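Position 167 (the sequence shown) corresponds to 167 in the UniProt record's numbering; numbering is contiguous.
Working notes for the structure below.
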Amino acid sequence: MNELLAFSNLADIIIRSLNYIDSRLTGHNSRVTYKMMLLLDNVSFPEPEIYKILWTVLFHDIGLLRFSGETDEIFEKENSTSFSHAIYGALFMEHVSPFPEYAELIRYHHSSVPEIDSADMSPQLKWVTKCLRLLDEADLYCIRHPDMPGAEVLSHLDTAAYDSEIIKVVLPALKKAERTDSLYIHQTLLEHLSQIKTTPAIQEALLWTLIRMINLRSPYTSLHCAVMVKISDSLASFCNLGDAECFAVHMGALLHDIGKIAIPSYILDSPGTLSPEDWSIMKSHVAITEALLKGCVSDKILQIAIRHHERLDGTGYPRGLSKAQLTFPQRIVAVADITSALFEKRSYKEAFSLEQSLQILKNLCKERKICPYVADIFFRHAEDIYSAALHTSEATRALYHTLTEQYNSCISQEE
Numbered sequence: 001m002n003e004l005l006a007f008s009n010l011a012d013i014i015i016r017s018l019n020y021i022d023s024r025l026t027g028h029n030s031r032v033t034y035k036m037m038l039l040l041d042n043v044s045f046p047e048p049e050i051y052k053i054l055w056t057v058l059f060h061d062i063g064l065l066r067f068s069g070e071t072d073e074i075f076e077k078e079n080s081t082s083f084s085h086a087i088y089g090a091l092f093m094e095h096v097s098p099f100p101e102y103a104e105l106i107r108y109h110h111s112s113v114p115e116i117d118s119a120d121m122s123p124q125l126k127w128v129t130k131c132l133r134l135l136d137e138a139d140l141y142c143i144r145h146p147d148m149p150g151a152e153v154l155s156h157l158d159t160a161a162y163d164s165e166i167i168k169v170v171l172p173a174l175k176k177a178e179r180t181d182s183l184y185i186h187q188t189l190l191e192h193l194s195q196i197k198t199t200p201a202i203q204e205a206l207l208w209t210l211i212r213m214i215n216l217r218s219p220y221t222s223l224h225c226a227v228m229v230k231i232s233d234s235l236a237s238f239c240n241l242g243d244a245e246c247f248a249v250h251m252g253a254l255l256h257d258i259g260k261i262a263i264p265s266y267i268l269d270s271p272g273t274l275s276p277e278d279w280s281i282m283k284s285h286v287a288i289t290e291a292l293l294k295g296c297v298s299d300k301i302l303q304i305a306i307r308h309h310e311r312l313d314g315t316g317y318p319r320g321l322s323k324a325q326l327t328f329p330q331r332i333v334a335v336a337d338i339t340s341a342l343f344e345k346r347s348y349k350e351a352f353s354l355e356q357s358l359q360i361l362k363n364l365c366k367e368r369k370i371c372p373y374v375a376d377i378f379f380r381h382a383e384d385i386y387s388a389a390l391h392t393s394e395a396t397r398a399l400y401h402t403l404t405e406q407y408n409s410c411i412s413q414e415e
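Okay, structure coming up:
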């Protein structure tokens, strides 16, 4: 990317966000990744490979964003269990992650030793997968038994279900991790994960890995972020913003709904008007977005991301800001968010046509809720922006359709 978002800050955003998968799993992904880091420090893997493995391990439970109901099960079942979140997570990572060659780590991280041995993976990857499985189960056991020292956990697990050589390798990592707290683990991971030699494209791909899975939590929001970013980018370009401003708009749009990782699916999928209580929960995604991004992105990007529901007349949320307080980039992203929602099917409405959307935007201008200049730019380039949005929507829909087909095929083969 550029200096507005350092790689360590990107890692921080991702780690913070993953803690919202389930409150019981807060810190789980970080702890497992940290212990894998300790373990890999003592083996002869090439350094670039270690970093890619660690990034993949950090995302090992990302499928729970799609199958949140399985969280209870992973606390109840310890061995030889096939979970939908592992299968879907692996398929998702194959298509979205910048390191797809390591996706099988996720597919088999709850599988038995014989299943891992028979998998189509290199010997090295099988070894790492077995280590991940044991580290994962050990941490889940510690969550269930918080007073249990990490190194003692193995004596309470069914060690016959694990490779004896793997137990010998994992034990030192568990012992060393006993002496560390969550803040130390967090900071150490940031240092290690940010050391990988990478490109802006890989960095953004890592961020999209998280964003796309958050969107997949609801079939009605699965296309939203990709379409909203495309519209924001198009408007910024047609408004002749400079490179730095365009980048800020792009990043603000990309990150604007990251807080929805904490919003219950029943609210995201609600077919009707939300109750006052549920509406309050829905609106809290902005505050959560701010908490996730603060200190990790520039203030310009932060304010663009968290002001996309503000309106020029002061009727928006969360702060009820008005025209004088909203910058031009913030106004662009606010219009893009509204427009993308109009173009998309939601639980409470069908997708609107371009003509219908234009009329709604014109009404919002008359009501002085959105920036008339940004709206005018949209009106002048409506066909081009709509075409680009549809193309993005179709490409994203095709990706998710492929994921669904592949997942269903995997499930049918296991039955």
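All residues carry an ideal CB built from backbone N, CA and C; glycine is no exception.
Computed from a predicted structure; not experimentally measured.
A244 and P329 have their alpha carbons spaced roughly 11 Å apart. In this structure G259 is buried. Its beta-carbon is surrounded by 16 or more other beta-carbon atoms within 10 angstroms.
Contact annotation: L38 and Q203 have beta-carbon atoms that are not nearer than 8 Å. If you look at F99, you'll find it isn't in any alpha helix (DSSP H); DSSP assigns it neither H nor E.
Taking C-alpha positions only, P149 is separated from L132 by approximately 19 Å.
Here D61 carries a coil assignment [DSSP, helix/strand/coil]. Taking the Cα of D136 as reference, the smallest distance to any Cα among W55, D278 and V32 is reached at V32. Per the DSSP secondary-structure output, D117 pairs with nothing in a beta bridge.
Taking every protein chain shown into account, the CB of G63 has 16 or more other CB atoms within 10 angstroms, so this residue is buried. According to the DSSP assignment, V229 belongs to the alpha helix (DSSP H) that extends over H224 to F238.
Checking the DSSP bridge columns, you'll see R346 partnered with K349. A Cβ-Cβ contact shorter than 8 Å links I166 with K130.
By the C-beta criterion, the region 331-350 is judged to be in contact with the region 215-227, since at least 3 inter-stretch pairs fall below 8 Å. Between the region 313-321 and the region 185-193, the count of Cβ pairs shorter than 8 Å is below three; the stretches do not touch. In the DSSP assignment, S280 falls within the unbroken alpha helix (DSSP H) covering P276 to L293. Inter-segment contact for the region 194-209 and the region 11-21 is present: three or more beta-carbon pairs are separated by less than 8 Å.
Apart from the 5 residues on each side of it in sequence, S322 sits with its Cβ closer than 7 Å to the Cβ of L312, D313 and G314 in its chain, given in chain order. Just measuring C-alpha positions, the residue of T392, E101, P98 and V128 sitting nearest H110 is V128. Residue pairing from DSSP places D313 in a beta bridge opposite S322. Looking at P264, S298, V335 and V374, the one whose alpha-carbon comes closest to that of R66 is P264.
Distance check between D278 and each of Y373, A201 and Y266 places Y266 closest, using alpha-carbon atoms only. Under the three-pair Cβ rule at 8 Å, the region 390-403 does not count as touching the region 235-250.
Taken in chain order, the whole alpha helix (DSSP H) runs of length 4 or more contained in the region 18-73 are 28-40 and 47-58. Taking Q124 as reference, the option from A253, G295, I50 and M251 with the minimal CA-CA separation is I50. Here V153 is near A138, since their CB atoms are less than 8 Å apart. Non-local C-beta neighbours of I288 in its own chain, meaning closer than 6 Å and more than five positions away in sequence, comprise G259 and A262, ordered along the chain. Put simply, the backbone Cα of I385 is about 42 Å away from that of Y108. Contact between L292 and S23 fails: their C-beta atoms lie close to 15 Å from each other, not under 8 Å.
Annotation: F352 to I360 spans about 10 Å, alpha carbon to alpha carbon. Cβ contact annotation for T339 (same chain, cutoff 6 Å, sequence separation greater than five): I231, in chain order.
The alpha carbon of K283 has as its nearest neighbour, out of L302, K300, R307 and C239, the alpha carbon of R307. Residue range D243 to L255 is occupied by the alpha helix (DSSP H) that includes G252. For P264, no alpha helix (DSSP H) run applies, since DSSP gives it neither H nor E. Under the three-state reduction of DSSP output, G89 falls in the helix class.
Proximity to A6 across C371, S298 and Y88 peaks at S298, based on C-alpha coordinates.
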